[in-house]
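Asks: Below is one structure. I have some questions about it.
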Amino acid sequence: MFISGVSGTGDHLQLPPVNGRPVFKKISNKLVITRLGAANAFNIRKETVEYDELTINGRQKGDETFFKMLDVVRHGCLTDETIDMPKSRVFKVSIQEKYKELESKGRNPPICLFF
């Protein structure tokens with residue numbers, strides 16, 4: 001039985017969790033055929049899954065340099081420039097000064113600056 005309207009999304013180049021194992025377990029073709037039964041008569045993915053690639057990055061839309069750096073990291077092609085870029089964005093003031101600055105910009109004080 002297949003449920004219509006199911007949407008699956010993901011980043012095929014997503015970094016694994018820090019100090020963690022991949023979240024998905026590999027399964028054998030035999031297990032897939034066993035579980036799907038008669039459904040293996042055709043290629044389920046080609047017949048039932050519609051693939052739409054997301055091409056617009058909304059999270060880093062105002063920071064092209066940071067966006068490019070993240071893309072390089074995703075592909076595992078680190079350069080000295082890639083490594084130095086985040087270092088250039090480290091706060092040059094004390095934690096207390098940065099807290100006061102952020103607190104003065106809005107009604108809600110920051111919950112956590114560094115972890």
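The sequence shown begins at 1 in UniProt numbering and counts up by one.
Even glycine gets a Cβ: it sits at the ideal position worked out from N, Cα and C.
Measuring only the C-alpha atoms, how far is THR82 from ARG59?
Replies: So the alpha carbons of these two residues sit roughly 19 Å apart.
Asks: Using a Cβ-Cβ cut-off of 6 Å (strictly less than) and excluding sequence neighbours within five positions of MET85, which residues of its own chain qualify?
Replies: These residues qualify, in order along the chain: MET69.
Asks: Do PHE66 and ASN57 have their beta-carbon atoms positioned less than 7 Å apart in this structure?
Replies: No; because the gap between Cβ atoms is not below 7 Å, this pair is not in contact.
Asks: Taking only the alpha-carbon atoms, compute the straight-line gap between ASP63 and VAL73 and give it to the nearest angstrom.
Replies: If I take the Cα positions, the gap works out to 16 Å.
Asks: Going along the chain, which residues of its own chain have a beta-carbon closer than 6 Å to the beta-carbon of LYS26, five neighbours each way excluded?
Replies: Cβ neighbours of LYS26 beyond the five flanking positions: none.
Asks: Measure the Cβ-Cβ separation of PHE91 and LYS98 and say whether it is below 7 Å.
Replies: Contact flag set, yes.
Asks: What are the boundary residues of the alpha helix (DSSP H) that LEU31 is part of?
Replies: Where LEU31 is concerned, the enclosing alpha helix (DSSP H) stretches over 29-36.
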